[in-house]
Amino acid sequence: MSKSITTSAHDASEAKDVSRRRFFKVLGGASTVALAAPVMSDNAHAGESKDEARKSRYRETDHVKKFYSTNRY
Amino acid sequence: MARMKFLCDADRCIECNACVTACKSEHDVPWGINRRRVVTINDGKPGERSVSMACMHCTDAPCQAVCPVDCFLTTADGVVLHNKDLCIGCGYCFYACPFGAPQYPKTGNFGSRGKMDKCTYCAGGPEADNSPEEYAKYGANRLAQGKLPICAEMCSTKALLAGDSEMIATIYKERVLKRGYGSGAWGWKVAYRETIAV
Amino acid sequence: MIDRNSNWRHLALALLGLALVVITQPTEAQTVTPTASAAKEEQLLSTMKQIDGRISIPDQKASVLMQPAGQEWRNVHNTTMFWVGTVSILGMMLALTLFYTIRGRIMIDSGPSDKTILRFNGFERFVHWLTASCFIVLALSGLNVSFGKYLLLPVIGAEAFSAMSQLAKYAHNFLAFPFIIGLVFMFLVWVKDNIPNGGDLDWLKAGGGFLGKGHHPPAKKFNAGQKVIFWVVIGGGTVLSLTGLMLLFPFSGTVIADMQLGQTIHGILSGLIIAIMMAHIYIGSVGMEGAIDAMNTGEVDLNWAREHHSLWVEEVEAQEHEAHHKAKSVAAE
Ligand code: HEM
Ligand code: SF4
Ligand code: SF4
Numbered sequence: 006m007s008k009s010i011t012t013s014a015h016d017a018s019e020a021k022d023v024s025r026r027r028f029f030k031v032l033g034g035a036s037t038v039a040l041a042a043p044v045m046s047d048n049a050h051a052g053e054s055k056d057e058a059r060k061s062r063y064r065e066t067d068h069v070k071k072f073y074s075t076n077r078y
Numbered sequence: 011m012a013r014m015k016f017l018c019d020a021d022r023c024i025e026c027n028a029c030v031t032a033c034k035s036e037h038d039v040p041w042g043i044n045r046r047r048v049v050t051i052n053d054g055k056p057g058e059r060s061v062s063m064a065c066m067h068c069t070d071a072p073c074q075a076v077c078p079v080d081c082f083l084t085t086a087d088g089v090v091l092h093n094k095d096l097c098i099g100c101g102y103c104f105y106a107c108p109f110g111a112p113q114y115p116k117t118g119n120f121g122s123r124g125k126m127d128k129c130t131y132c133a134g135g136p137e138a139d140n141s142p143e144e145y146a147k148y149g150a151n152r153l154a155q156g157k158l159p160i161c162a163e164m165c166s167t168k169a170l171l172a173g174d175s176e177m178i179a180t181i182y183k184e185r186v187l188k189r190g191y192g193s194g195a196w197g198w199k200v201a202y203r204e205t206i207a208v
Numbered sequence: 088m089i090d091r092n093s094n095w096r097h098l099a100l101a102l103l104g105l106a107l108v109v110i111t112q113p114t115e116a117q118t119v120t121p122t123a124s125a126a127k128e129e130q131l132l133s134t135m136k137q138i139d140g141r142i143s144i145p146d147q148k149a150s151v152l153m154q155p156a157g158q159e160w161r162n163v164h165n166t167t168m169f170w171v172g173t174v175s176i177l178g179m180m181l182a183l184t185l186f187y188t189i190r191g192r193i194m195i196d197s198g199p200s201d202k203t204i205l206r207f208n209g210f211e212r213f214v215h216w217l218t219a220s221c222f223i224v225l226a227l228s229g230l231n232v233s234f235g236k237y238l239l240l241p242v243i244g245a246e247a248f249s250a251m252s253q254l255a256k257y258a259h260n261f262l263a264f265p266f267i268i269g270l271v272f273m274f275l276v277w278v279k280d281n282i283p284n285g286g287d288l289d290w291l292k293a294g295g296g297f298l299g300k301g302h303h304p305p306a307k308k309f310n311a312g313q314k315v316i317f318w319v320v321i322g323g324g325t326v327l328s329l330t331g332l333m334l335l336f337p338f339s340g341t342v343i344a345d346m347q348l349g350q351t352i353h354g355i356l357s358g359l360i361i362a363i364m365m366a367h368i369y370i371g372s373v374g375m376e377g378a379i380d381a382m383n384t385g386e387v388d389l390n391w392a393r394e395h396h397s398l399w400v401e402e403v404e405a406q407e408h409e410a411h412h413k414a415k416s417v418a419a420e
């Protein structure tokens, strides 16, 4: 910007042109990133597969048995 | 196969809200969200009863049926979980849920909802069991640790039962027979289409 | 010292009180069964649609213990709404395809002329396209909520579908506002030409001139069919906006039952309106020669205008004539 102040009008408008182009480039880049981000982050994390996620988690451990027995009082 | 359920023995619940507190602390549940709550019916009148309520982990879950991105999954032991990476916060599961279980952090514009949060039966979510990712999104996975939901485990009057459906139904029946009364297994008919006949 | 004294006194009083309670207790216990009037789920649900209570956390809406109506809403959403949407949209597609194959494109009977006449000014066209473009995005993003998981999800996968649905949701939520603004302007700009009158009945009796060739019942700026579209958009759009706002601002003076009803109306009505708008889009584009110009440049072919809106052309010409005369007399003075 400071450069365009000291240069001629022609230069200034050119500089503006470029900065506008850069603005759109950044905007375009940002939106592609924004679009890609959720997809990419999904691939990145160590999630469980559908079958894994549906597996049974419960086990009748001693801890659990104790819970049942204390509830019988 | 064991089928996980909750059963609140309303004749024992004294509305101490310890289950609510334990749940919040166990899972670091954010402000404004309550995965479990205690509702008192007929407050101050004869016949007053308090019921501790969270997600009932329904059979043929209504939330699962209406979710537009199909992000719910029911585990082999009957726990209804959901995938926060997929949820778009539309609020439909709250309309469908008979128990008001789904909660939404208030983020974004208007009254718009963030990603839904609800009771996981202390069974985490679709992330590697007990990983930091799982904890951050869904909270602790006690079931995978061989334990039961914290709310039931620490209930002072042993009003809130959790665990295998047959087992907790048997315990409840024993109690009712012994003391001679029982106001019923709240929510069972709506959630599981069955009641406990004593 | 004083403190301890009063403490002892309190303790004594407390013990006395306890003794009284203990003395009176047994007699009471014999007459009162603990569950005599206990709140029973079944009883409560048989008299009320939901069970409410008192809650001690700040979130007061959580005081609804149970609302089995959620399951009814689920059924309406997954069956009634699903089928109303499916049948009306596919039905309309079928009807339009049939109409096109049988009747073909409705041409200007007397052929295009070399003259045009201004039908819609810039502002009218702007308002039309503002509302129309919002409507299309609202319709597509809305239909994605209703049907996306059956049609798109299996094709593009869960992650991509979710990312897309999130964007669609934002589009639906934000474009609601320009849509509402468009509706208001549309009403203001066109309501005077859309008041039903006697001519509309004749137009309808003549089948609007759609069925046979070469016969066109007279019509003013808008014929009865267009008036129907106008009022469907204004009426339906208003209801969609109000119910949509109810969903957008949950629990703003509403309870869960209101939101469920609002959602049901929103979903079912949008299916019907989308179908009706498909007919409108058809007739405004491929279905009729010369129609699209009205919303494109605003200038329509004079012959087209004479055939479809004869009375309106007469009106405009009379006005022009008058204006011409006035200008002449002003110039002569
Ligand atoms: C003008 C104001 C409107 C507002 C505030 C609004 C708001 C909403 C909201 C909040 C939802 C819930 C899902 C979501 O969060 O995305 C929704 C769903 C929906 N909207 Fe709208 N909407 C409006 C207009 C429209 C219009 C004009 C249409 C149709 C042309 C439409 C069609 C739909 C459909 C089909 C659904 C999904 C219904 C379902 O499957 O459950 N909406 N709308
Ligand atoms: S209680 Fe509500 S959130 Fe839980 S499974 Fe049933 S419908 Fe879903
Ligand atoms: S809020 Fe999330 S989990 Fe609930 S129905 Fe909508 S997308 Fe599914």
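Residue numbers (the working numbering), protein chains in the order written: chain A, 6 to 78; chain B, 11 to 208; chain C, 88 to 420. The beta-carbon is built from N, C-alpha and C at its ideal position, and this holds for glycine as well. In this text the structure is predicted, and so the values were computed from the model without any measurement.
Q: Have a look at Q137/C, G374/C, A381/C, A258/C and flag the residue whose alpha-carbon is nearest the alpha-carbon of L230/C.
A: On the third sequence, position 143 is the one that residue 230/C refers to. Measuring from the Cα of L230/C, the nearest candidate turns out to be A258/C.
Q: Using three-state DSSP, classify S143/C as helix, strand or coil.
A: To locate residue 143/C, count along the third sequence from 1; it is residue 56. For S143/C, the secondary structure class from DSSP, reduced to helix, strand or coil, is coil.
(Q) From the DSSP secondary-structure annotation, give me the bridge partner or partners of M63/B. (A) Here residue 63/B corresponds to residue number 53 of the second sequence, with the count starting at 1. DSSP output for M63/B lists R47/B as bridge partner(s).
Q: With DSSP collapsed to three states, give me the class of I360/C.
A: Within the third sequence, the letter at position 273 stands for residue 360/C. DSSP places I360/C in helix when its eight states are reduced to three.
Q. R59/B CB to nearest chain C CB: under 9 Å?
A. Numbered from its first residue, the second sequence carries residue 59/B at position 49. Judged by the 9 Å Cβ criterion, R59/B is in contact with chain C.
Q) Beta-carbon of Y182/B versus every beta-carbon of chain C: anything under 9 Å? A) The residue labelled residue 182/B in the question sits at position 172 within the second sequence. With a threshold of 9 Å between beta carbons, Y182/B makes no contact with chain C.
Q: Please look up how many angstroms separate the CB atoms of A133/B and L153/B, rounded, as I've assumed it's under 8 Å.
A: For the purposes of this step, residue 133/B is identified with residue 123 of the second sequence, where counting begins at 1. For the purposes of this step, residue 153/B is identified with residue 143 of the second sequence, where counting begins at 1. In this structure, A133/B and L153/B form a Cβ contact; the two beta carbons are roughly 4 Å apart against a cut-off of 8 Å.
Q: For G192/B, collect the residues of the same chain with a Cβ closer than 8 Å to its Cβ; drop the 5 residues on either side in sequence, then sort them by chain order.
A: In the second sequence, counting from the first residue as 1, residue 192/B sits at position 182. Cβ neighbours of G192/B beyond the five flanking positions: D19, D21, Y182, R185, V186, V208.
Q) In the DSSP assignment, what residue or residues form a beta bridge with D19/B? A) Here residue 19/B is taken as the residue at index 9 of the second sequence, counted from 1. Answer by DSSP bridge pairing, in chain order: A195/B.
Q: On a CA-only basis, which of V76/B, V39/B, T84/B, N140/B is nearest M66/B? Give me that one, please.
A: Taking the first residue of the second sequence as 1, we reach residue 66/B at position 56. Taking only the C-alpha atoms, the option nearest M66/B is T84/B.
(Q) Could you check if A201/B belongs to the surroundings of ligand 2, using beta carbon to heavy atom distance under 8 Å? (A) Taking the second sequence and counting its residues from 1, one reaches residue 201/B at position 191. Correct: A201/B has its Cβ closer than 8 Å to ligand 2.
(Q) On the criterion of 16 or more Cβ atoms from any shown chain inside 10 Å, does E57/A qualify as buried, or is it exposed? (A) Walking along the first sequence from the start, residue 57/A turns up at place 52. By the 10 Å Cβ count, E57/A comes out exposed.
Q.
Give me, in chain order, the residues of the same chain whose beta-carbon lies closer than 6 Å to that of A293/C; leave out the 5 immediate sequence neighbours on both sides.
A. By one-based count along the third sequence, residue 293/C stands at place 206. Closer than 6 Å at the Cβ level, and outside the excluded window around A293/C, lie P304.
Q: Give the DSSP-derived three-state secondary structure of I206/B in the structure shown.
A: The residue given as residue 206/B occupies position 196 in the second sequence. Note: I206/B maps to coil in three-state DSSP.
**Q.** Beta-carbon proximity of I144/C to R47/B, cut-off 9 Å
**A.** As a working note, residue 144/C is residue 57 in the third sequence. As a working note, residue 47/B is residue 37 in the second sequence. Yes; because the gap between Cβ atoms is below 9 Å, this pair is in contact.
Q: Would you grab the beta carbon distance between K307/C and D345/C for me? Rounded to a whole angstrom, and I think it's under 8 Å.
A: Within the third sequence, the letter at position 220 stands for residue 307/C. Within the third sequence, the letter at position 258 stands for residue 345/C. Not confirmed; about 41 Å, so no contact.
Q) In its own chain, which residues sit with a C-beta less than 8 Å from the C-beta of A392/C, not counting the 5 before and 5 after it? A) In the third sequence, residue 392/C corresponds to position 305, counting from 1. The beta carbon of A392/C sits closer than 8 Å to those of I204, R206, W399, V400, all from its chain and outside the five residues before and after it, given in chain order.
Q) Any heavy atom of ligand 2 closer than 8 Å to the Cβ of H67/B? A) By 1-based counting over the second sequence, the position of residue 67/B is 57. At least one heavy atom of ligand 2 is nearer than 8 Å to the Cβ of H67/B, so yes.
Q) Sorry if obvious, but does the Cβ on I361/C come closer than 8 Å to a heavy atom of ligand 5? A) This structure simply doesn't include ligand 5; it includes ligand 1, ligand 2 and ligand 3 instead.
Q) What residues of chain A sit near L17/B, judged by a beta carbon separation below 8 Å? A) The residue you call residue 17/B lines up with position 7 of the second sequence. Here the premise fails: no neighbours, minimum Cβ distance about 10 Å.
Q: Run the proximity test for C136/B: is its beta-carbon closer than 8 Å to any non-hydrogen atom belonging to ligand 2?
A: Taking the second sequence and counting its residues from 1, one reaches residue 136/B at position 126. The residue you asked about is not Cys; residue 136/B is Pro in the sequence shown. Every heavy atom of ligand 2 is 8 Å or more from the Cβ of P136/B, so no.
(Q) Measuring straight from C-alpha to C-alpha, what distance separates P112/B and A381/C? (A) Along the second sequence, read from residue 1 onward, the residue named residue 112/B stands at position 102. Along the third sequence, read from residue 1 onward, the residue named residue 381/C stands at position 294. The straight-line gap from Cα to Cα measures roughly 49 Å.
Q. Is the shortest distance between the beta-carbon of L131/C and the beta-carbons of chain B less than 9 Å?
A. Translated into positions along the third sequence, residue 131/C becomes position 44. Yes, its Cβ sits closer than 9 Å to a Cβ of chain B.
Q: Give a yes or no on whether the C-beta atoms belonging to I46/C and T330/C are separated by under 9 Å.
A: The question about residue 46/C has no answer, for chain C in this structure spans 88 to 420.
Q) Thinking C-beta only, is Y145/B closer than 9 Å to D127/B? A) Residue mapping note: residue 127/B aligns to position 117 of the second sequence, counting from 1. Residue mapping note: residue 145/B aligns to position 135 of the second sequence, counting from 1. Inclusion of D127/B and Y145/B in the CB contact set at 9 Å is not warranted, their separation being larger than that value.
Q) For V61/B versus G140/C, is the C-beta distance shorter than 9 Å? A) Residue numbering aside, residue 61/B sits at position 51 when the second sequence is read from its first letter. Residue numbering aside, residue 140/C sits at position 53 when the third sequence is read from its first letter. In this structure, the beta-carbon distance from V61/B to G140/C falls below 9 Å.
Q) Can you list the residues of chain A that G190/B reaches, using a CB-CB cut of under 7 Å? A) Taking the first residue of the second sequence as position 1, residue 190/B is located at position 180. Near G190/B there are no residues of chain A at all, since even the closest Cβ is about 17 Å away, more than 7 Å.
Q) Among V342/C, V387/C, R161/C, which one has its Cα closest to the Cα of K202/C? A) As a first step, residue 202/C is located in the third sequence; it is residue number 115 there, counting from the start. For K202/C, the nearest C-alpha among the options comes from V387/C.
**Q.** Distance cut-off 8 Å: V89/B Cβ against heavy atoms of ligand 3
**A.** Here residue 89/B refers to the residue found at position 79 of the second sequence. No, the beta carbon of V89/B sits no closer than 8 Å to any heavy atom of ligand 3.
Q: My understanding is that E53/A touches A138/B, with C-beta atoms under 8 Å, so please give their C-beta distance in whole angstroms.
A: Numbered from 1 along the first sequence, position 48 holds the residue referred to as residue 53/A. Numbered from 1 along the second sequence, position 128 holds the residue referred to as residue 138/B. Between A138/B and E53/A the Cβ distance is about 6 Å, and since that is below 8 Å, they are a contact.
**Q.** C-alpha distance - F317/C paired with L291/C, whole-angstrom precision
**A.** The residue labelled residue 317/C in the question sits at position 230 within the third sequence. The residue labelled residue 291/C in the question sits at position 204 within the third sequence. The straight-line gap from Cα to Cα measures roughly 16 Å.
Q) On the three-state DSSP scale, how would you describe K116/B? A) Walking along the second sequence from the start, residue 116/B turns up at place 106. In this structure, DSSP gives K116/B an extended state, which the three-state scheme calls strand.
Q: Give me the Cα-Cα distance between F297/C and I282/C, rounded to the nearest whole angstrom.
A: On the third sequence, position 210 is the one that residue 297/C refers to. On the third sequence, position 195 is the one that residue 282/C refers to. Straight-line Cα distance between these residues: approximately 22 Å.
Q.
Tell me the rounded alpha-carbon separation between L238/C and L170/B.
A. By 1-based counting over the third sequence, the position of residue 238/C is 151. By 1-based counting over the second sequence, the position of residue 170/B is 160. Each residue's Cα considered, the two are about 42 Å apart.
**Q.** Spatial distance of K116/B from W41/B (CA atoms)
**A.** Working through the second sequence from its first residue, we reach residue 116/B at position 106. Working through the second sequence from its first residue, we reach residue 41/B at position 31. Rounded to the nearest angstrom, the two C-alpha atoms are 10 Å apart.
Q.
When you compare the CB of K168/B with every CB in chain A, is at least one pair closer than 9 Å?
A. Working through the second sequence from its first residue, we reach residue 168/B at position 158. Output row for K168/B: interface = yes.
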